[in-house]
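Peer 1:
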Amino acid sequence: MRPERLDRAKETFAEFKARLSPTRVVDRYDLLLEDQFLIRNPRYKFIKDYAADLAAYKDAYAALRAPDALGEWFYFPWSGTLAHYLPCDEHLEIRTARNRNIVTHEEQQKLYGLTVAYAGLSVGSHGALTFALMGGARSIKIADPDEVSPSNLNRIRFDFLSVGRKKADLVREYLYQLDPYADITAYDGGVTDGNLAEFLSGVDVLVEETDNLEMKIRLRIAARERGIPVVMATDNGDNIIIETERFDLDRAKPLFNGIIGDVTLESFKSFEPSELPKLATKIAGQHFVTERMMQSLLQVGREIYSWPQPGDAATLSGAAIAYVLKRLALGLPVREEKCEVSLDALLDPDYHAPETVSNREAARANFFASIGL
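This note's numbering applies: residue 508 is where the sequence shown begins, and numbers increase by one.
#1: DSSP puts Ser-656 in a beta bridge; with which residues?
#2: With a threshold of 7 Å (Cβ to nearest heavy atom), would Gln-684 be considered close to the ligand PLP?
#3: Out of Gly-634, Gln-816, Ala-787, Ser-877, state which residue places its alpha-carbon closest to the alpha-carbon of Glu-721.
#4: Anyone know if the C-beta pair for His-633 and Ala-759 falls short of 8 Å?
#5: Which residues mark the beginning and the end of the alpha helix (DSSP H) in which Arg-733 is found?
#6: Of the residues Ser-586, Gly-697, Ile-878, which one's Cα is nearest the Cα of Lys-789?
#7: Opposite Trp-585 in the DSSP bridges: which residues?
#8: Skipping 5 residues on each side, what residues in its chain have a beta carbon closer than 8 Å to that of Asp-851?
#9: Could you give the distance in angstroms between the alpha-carbon of Val-678 and the alpha-carbon of Leu-618?
#10: Less than 8 Å between the beta carbons of Leu-880 and Lys-785, yes or no?
#11: Using DSSP bridges, identify the partner residues of Gly-768.
#12: Are there 16 or more other CB atoms within 10 angstroms of the CB of Pro-549, so buried, or fewer, so exposed?
#13: Looking only at its own chain, which residues have a Cβ that is under 6 Å from the Cβ of Leu-593, when we skip the five neighbours before and after it?
#14: Whole angstroms is fine: what's the gap from Val-626's alpha carbon to Gly-808's?
#15: Classify Ala-740: buried if its beta carbon has 16 or more other beta carbons within 10 angstroms, exposed otherwise.
#16: I need the straight-line Cα distance from Trp-814 to Val-533, nearest angstrom please.
#17: Which two residues bound the contiguous beta strand (DSSP E) that contains Asp-742?
#18: Just confirm the distance between the C-beta atoms of Ile-735 and Val-698, as a whole number of angstroms; I'd bet it's less than 8 Å.
#19: Unbroken alpha helix (DSSP H) runs of length 4 or more, entirely within the stretch 660 to 707: which are they?
#20: At which residues does the alpha helix (DSSP H) containing Ala-644 begin and terminate?
#21: Less than 8 Å between the C-beta atoms of Arg-645 and Asp-690, yes or no?
#22: Can you tell me the Cα-Cα spacing of Arg-867 and Val-831, whole angstroms?
#23: Let me confirm a value: Arg-662 is counted as buried when at least 16 other C-beta atoms fall within 10 Å, else exposed. Which label applies?
#24: Just reading off the alpha helix (DSSP H) that Glu-613 is part of, what are its end residues?
#25: Using CA coordinates, which residue listed in Ala-827, Ser-803, Ala-826 is at the minimum distance from Gln-816?
#26: Measuring only the C-alpha atoms, how far is Ser-824 from Ser-656?
#27: Classify His-591 as helix, strand or coil using the three-state DSSP reduction.
#28: Please report the residue range of the alpha helix (DSSP H) in which Ile-609 lies.
#29: Between which two residues does the beta strand (DSSP E) holding Leu-804 run?
#30: Express the C-alpha separation of Glu-522 and Leu-762 in angstroms, rounding to a whole number.
#31: Buried or exposed: which applies to Ala-570, given that a residue is buried once 16 or more other Cβ atoms fall within 10 Å of its Cβ?
#32: Apart from the five residues on each side of it in sequence, which residues of its chain come closer than 8 Å, Cβ to Cβ, to Gly-709?
#33: Give the DSSP-derived three-state secondary structure of Thr-519 in the structure shown.
#34: Can you tell me where the beta strand (DSSP E) holding Asn-866 begins and where it ends?
#35: Can you give me the start and stop residues for the alpha helix (DSSP H) that Thr-530 sits inside?
#36: Assuming Thr-751 contacts Val-841 (C-beta within less than 8 Å), just tell me the rounded distance between them.
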């Protein structure tokens, strides 16, 4: 489902509105133009008496056209809302104005021109939403078969009114309302063998955040064949582990940067079930796993239902994913091995104390022994 755009060659605004019968109309065009005026005239940051100049700017912009003839109108069928937007380039201009000059105009165009596929929309939703907030990726593919459950609400940016709805639908709707000019394809059945080729068609970067180990491997094999880099962030207590696989630079690279050897689908299917926890731990980043995370993983199915994923780590994952996507879009180098982004290391004053380090390493050794690593 996409927003419907007024086509003035086929109907008037009045006809468009009457046909759709929106339950809500959002028209803040005056405010949009004021923002645009200030962005284009930064001297008024320190000159507060600009009412006359703003009025003249608006008159010149309108050029005697009726207010509803300006910009573009979009109808969002999922909410029954009709909304008034600036034209595409102007919409991107005001939406990303506060990126400058951390992001230059030329760089912003590269971010917006990137095509990104997100497989898995728990952590993946944070990557998609954060990069979109930065003005990244006009063309987006998202895939997740799951609905929002109450226990998801500790880590995704939706509320209890979203429980029972498809994650792909919620992310798609948010992205379209942020940028109705986007081109979004949603796979609410997730990535499957049947749609994997279509999902990766035309994609510049894959963000892989699925839970299924076999699909993680299938996606990487397909991405490697197509020369598509893969980004993956993993929750790790309050911290994260992030990894980039540059299949765009080397189509002979082993999956997961070789951390589990030169694995194939055939070799994966031959693994005994008892080997899968070890494999998953290696893929996530065995040398970075926090002590509480290790304890929790051993209690899954006993004391707790699933591994912990707090909201601060999921949000941090989104920021790290968006940062890597920005560097890839701008052609900047990215570290390819697993990297830890640790709030503990930065903010816990005892983290690097010898006794703390010794205890942490002892806990890790015990954990490895318990799962046969």
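Every residue gets a Cβ at the ideal spot worked out from N, C-alpha and C, and that includes glycine.
Peer 2: Walking through what the data contain:
#1: Looking up residue 656 in the sequence shown gives position 149. DSSP, once it has assigned bridges, lists no residue as partnering Ser-656.
#2: This structure lacks the ligand PLP; in fact it carries no ligand of any kind.
#3: Position 214 of the sequence shown, counting from 1, holds the residue named residue 721. Closest option to Glu-721, Cα to Cα, is Ala-787.
#4: Position 126 of the sequence shown, counting from 1, holds the residue named residue 633. Position 252 of the sequence shown, counting from 1, holds the residue named residue 759. Not closer than 8 Å, so no.
#5: Along the sequence shown, read from residue 1 onward, the residue named residue 733 stands at position 226. Run containing Arg-733: 720 to 733, per the alpha helix (DSSP H) assignment.
#6: In the sequence shown, counting from the first residue as 1, residue 789 sits at position 282. Among Ser-586, Gly-697, Ile-878, the Cα nearest to that of Lys-789 belongs to Ile-878.
#7: Counted from its first residue, the sequence shown places residue 585 at position 78. None; Trp-585 has no bridge partner.
#8: If you number the sequence shown from 1, residue 851 lands on position 344. The residues are Gly-744, Asp-745, Asn-746, Thr-797, Tyr-858.
#9: On the sequence shown, position 171 is the one that residue 678 refers to. On the sequence shown, position 111 is the one that residue 618 refers to. Val-678 and Leu-618 have their C-alpha atoms spaced approximately 19 Å apart.
#10: Taking the first residue of the sequence shown as position 1, residue 880 is located at position 373. Taking the first residue of the sequence shown as position 1, residue 785 is located at position 278. Contact: yes.
#11: Numbered from its first residue, the sequence shown carries residue 768 at position 261. Answer by DSSP bridge pairing, in chain order: Ile-766.
#12: As a first step, residue 549 must be located in the sequence shown, where it is residue number 42. The residue is exposed, with fewer than 16 neighbouring Cβ atoms inside 10 Å.
#13: By one-based count along the sequence shown, residue 593 stands at place 86. Hits under 6 Å: Leu-539, Gly-578.
#14: In the sequence shown, counting from the first residue as 1, residue 626 sits at position 119. In the sequence shown, counting from the first residue as 1, residue 808 sits at position 301. One detail in the question is off: residue 626 reads as Ala in this sequence, not Val. Taking the straight line from one Cα to the other gives about 25 Å.
#15: Counted from its first residue, the sequence shown places residue 740 at position 233. Under this definition Ala-740 is a buried residue.
#16: Mapped onto the sequence shown, residue 814 falls at position 307. Mapped onto the sequence shown, residue 533 falls at position 26. Approximately 42 Å between the Cα atoms of the pair.
#17: Against the sequence shown, residue 742 aligns to sequence position 235. Note, Asp-742: beta strand (DSSP E), 737 to 743.
#18: In the sequence shown, residue 735 corresponds to position 228, counting from 1. In the sequence shown, residue 698 corresponds to position 191, counting from 1. About 13 Å separates the two Cβ atoms, so there is no contact after all.
#19: 674 to 685, 703 to 707
#20: Locating residue 644 in the sequence shown gives position 137, where the first residue counts as 1. Run containing Ala-644: none; DSSP gives neither H nor E here.
#21: On the sequence shown, position 138 is the one that residue 645 refers to. On the sequence shown, position 183 is the one that residue 690 refers to. Yes, Cβ-Cβ distance for Arg-645 and Asp-690 is below 8 Å.
#22: Position 360 of the sequence shown, counted from the start, is the residue given in the question as residue 867. Position 324 of the sequence shown, counted from the start, is the residue given in the question as residue 831. About 29 Å.
#23: Walking along the sequence shown from the start, residue 662 turns up at place 155. Buried.
#24: Numbered from 1 along the sequence shown, position 106 holds the residue referred to as residue 613. Where Glu-613 is concerned, the enclosing alpha helix (DSSP H) stretches over 612 to 620.
#25: On the sequence shown, residue 816 is found 309 positions in, with the first residue counted as 1. Check the Cα spacing between Gln-816 and each of Ala-827, Ser-803, Ala-826: the tightest is with Ser-803.
#26: To locate residue 824, count along the sequence shown from 1; it is residue 317. To locate residue 656, count along the sequence shown from 1; it is residue 149. Approximately 20 Å between the Cα atoms of the pair.
#27: Translated into positions along the sequence shown, residue 591 becomes position 84. DSSP places His-591 within a strand segment (E or B) once states are collapsed to three.
#28: Position 102 of the sequence shown, counted from the start, is the residue given in the question as residue 609. Note, Ile-609: premise wrong, no alpha helix (DSSP H); not H, not E.
#29: For this step, residue 804 is matched to residue 297 along the sequence shown. DSSP places Leu-804 in no beta strand (DSSP E) but in the uninterrupted alpha helix (DSSP H) bounded by 798 to 806.
#30: Counting from 1 along the sequence shown, the entry for residue 762 is found at position 255. Counting from 1 along the sequence shown, the entry for residue 522 is found at position 15. For Leu-762 and Glu-522, the distance between alpha carbons rounds to 55 Å.
#31: Position 63 of the sequence shown, counting from 1, holds the residue named residue 570. The residue in question, Ala-570, is exposed, as its Cβ has fewer than 16 Cβ neighbours within 10 Å.
#32: For the purposes of this step, residue 709 is taken as residue 202 along the sequence shown, with counting starting at 1. Only Thr-622, Ser-646 meet the Cβ criterion.
#33: Taking the first residue of the sequence shown as 1, we reach residue 519 at position 12. Under the three-state reduction of DSSP output, Thr-519 falls in the coil class, being neither helix nor strand.
#34: The count along the sequence shown starts at 1 and reaches residue 866 at position 359. Boundaries around Asn-866 are those of the alpha helix (DSSP H), 861 to 878, since no beta strand (DSSP E) includes it.
#35: Taking the sequence shown and counting its residues from 1, the one referred to as residue 530 is at position 23. Premise fails: Thr-530 is in no alpha helix (DSSP H) and is neither H nor E.
#36: For this step, residue 751 is matched to residue 244 along the sequence shown. For this step, residue 841 is matched to residue 334 along the sequence shown. With a Cβ gap of about 5 Å, Thr-751 and Val-841 count as contacting.
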